[in-house]
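Working notes, structure below.
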Amino acid sequence: MQKKYHSKGADMVRKYASEHQEKTFTAGDICEYVKENDLKINPTTVYRNLDKMTEAGQLLKLKAADTDCFCYQYVGKHENCSGHLHLRCRKCGATIHLEDEFACEFIRLVNKTYGFMIEAGDTSIGGLCKNCR
Numbered sequence: 001m002q003k004k005y006h007s008k009g010a011d012m013v014r015k016y017a018s019e020h021q022e023k024t025f026t027a028g029d030i031c032e033y034v035k036e037n038d039l040k041i042n043p044t045t046v047y048r049n050l051d052k053m054t055e056a057g058q059l060l061k062l063k064a065a066d067t068d069c070f071c072y073q074y075v076g077k078h079e080n081c082s083g084h085l086h087l088r089c090r091k092c093g094a095t096i097h098l099e100d101e102f103a104c105e106f107i108r109l110v111n112k113t114y115g116f117m118i119e120a121g122d123t124s125i126g127g128l129c130k131n132c133r
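Numbering of the sequence shown is given in my numbering, commencing with residue 1 and proceeding in unit increments.
See the structure below:
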């Protein structure tokens, strides 16, 4: 069995993601963190590790509603993120995982009414959380 190699860059990206579980973040946010903390990690390393974590199912990659950029959400305890909708605060980036019957009923009604099948894991509904209103 081949041993997995972990660089300090990979470890830092993983640590940053796990410490920001309830909010979305961008590669730029991590690069800014690297700069502020005087860490010697190349931006290419940040992007490469975000891609690896996304492919491994550890991160969700979401299209930001207000820019052409992508943002990321650490999956963590929400292992079945592809099975539910997400509410994302446009101001602070907080993410709420809608894992209840209401979300399932919403998806079913949209399909029945409009003939449109929502792909839940790729879906993020933007708005303002209770703390940012």
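We put the CB at the ideal spot given by N, CA and C, even for glycine. Quick caveat, the model's predicted, so the values are computed rather than measured.
Bounds of the beta strand (DSSP E) holding I96 are T95 to L98. Following the DSSP letters along the chain, one finds F25 in no beta strand (DSSP E), marked with neither H nor E. As the crow flies, the alpha-carbon of K91 is around 25 angstroms from that of F106. The beta carbon of V46 is closer than 8 angstroms to those of G9, V13, A27, I30, C31 and V34 in its chain, skipping five residues each way along the sequence. Going by DSSP, K15 is part of the alpha helix (DSSP H) stretching over K8 to E19. Counted as a single uninterrupted DSSP element, the beta strand (DSSP E) harbouring L59 occupies residues L59 to K63. Following the DSSP letters along the chain, one finds C71 inside the beta strand (DSSP E) bounded by residues F70 to Y74. DSSP places I41 outside both helix and strand once states are collapsed to three, so it counts as coil.
The criterion of a C-beta distance shorter than 9 angstroms is not satisfied by T123 and H97. Between the alpha carbons of K112 and I118 lies a distance of about 11 angstroms. Among the bridge pairs identified by DSSP, H84 is matched with none.
The beta-carbon separation of F70 and L59, rounded to 10 angstroms, does not stay under the 8 angstroms limit for a contact.
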